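Numbering (our numbering), first residue to last: 6 to 294.
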């Protein structure tokens, strides 16, 4: 049985130090900031990135392309690794298809190696939570096939909830209309969104005020896990330069659900381009999304 490496996209929002510590390979999204283009490989200063957004500097992202994925995968194949790649939801990006194309091209040449590419149907630290679970299984001695099977059977148990502070970024990303963004901003409406079973982004409710939106994240979580077998499992929380709000959500979860295990990290540039500064995201395991 070959040794294997777990890889993921930078849209998983896992910190670079975590990836390096756990030997996780990274396919980086391209980020354009003004006239400059960068790879989301841990070198971007995320605080400066969100400050640029607040100043109105134009930002764009582009998916992992097949050639980029092929080069990265081939590096690991040359080192004798099998590859388990956990990709960003195919409903939100073409990165999964790029990785799939690269894997198919390489498989004929590297017939003695496995290249498994999984459509996570997850986003941000929801994708990151699957990587975390895969690493735990790997550390326990599970094979690449066993881990792949577990992910396919459990990926729809990863729940996503998030809220944004500025509706204009959702408008620019085509998620809401201009009139909705203007009116919502005027009256202080904050949307609550999730990722559904097809891996698509959906608005599930609207509330008035920032604090209420953060509490609603916890309300939704409580409904899903109160009597769940996952009620003591780790919870992932992301934030777009809003660490105090992320801690507020974590403390509410501790108070109401007694959970003590959290993984809190900044939302990276690829996701943050679409959410804007101030977004807070919540990810956890439950019986269904």
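All C-beta atoms, glycine included, are put in the ideal place defined by N, C-alpha and C. Treat the numbers as computed from the prediction; the structure is a model and nothing was measured.
Just measuring C-alpha positions, the residue of 9, 244, 149, 25 sitting nearest residue 279 is 244.
Within the same chain, Cβ atoms closer than 7 Å to the Cβ of residue 163 are found at 127, 131, 134, 135, 288, 290, the five residues on either side in sequence being excluded. By a beta-carbon distance limit of 8 Å, residue 204 contacts residue 94. Their separation comes to about 3 Å. Contact between the region 109-120 and the region 84-92 is established, with three or more Cβ pairs separated by less than 8 Å.
Under DSSP, residue 64 takes part in a beta bridge, and its partners are 38.
In this structure, 264 is the residue among 264, 212, 260 with its C-alpha nearest to the C-alpha of residue 233. Apart from sequence neighbours up to five positions away, the residues of its chain that approach residue 78 with a beta-carbon distance below 7 Å are 88, 107, 108, 111, 120, ordered along the chain. DSSP links residue 199 through a beta bridge to 166, 207.
For residue 270, the enclosing beta strand (DSSP E) has its first and last residue at 267-271. For residue 29, no alpha helix (DSSP H) segment is defined, and its DSSP state is neither H nor E. Annotation for residue 54: no beta strand (DSSP E) segment contains it, though the alpha helix (DSSP H) segment containing it runs 51-59.
A buried status is given to residue 240, since no fewer than 16 other beta-carbon atoms sit within 10 Å of its beta-carbon.
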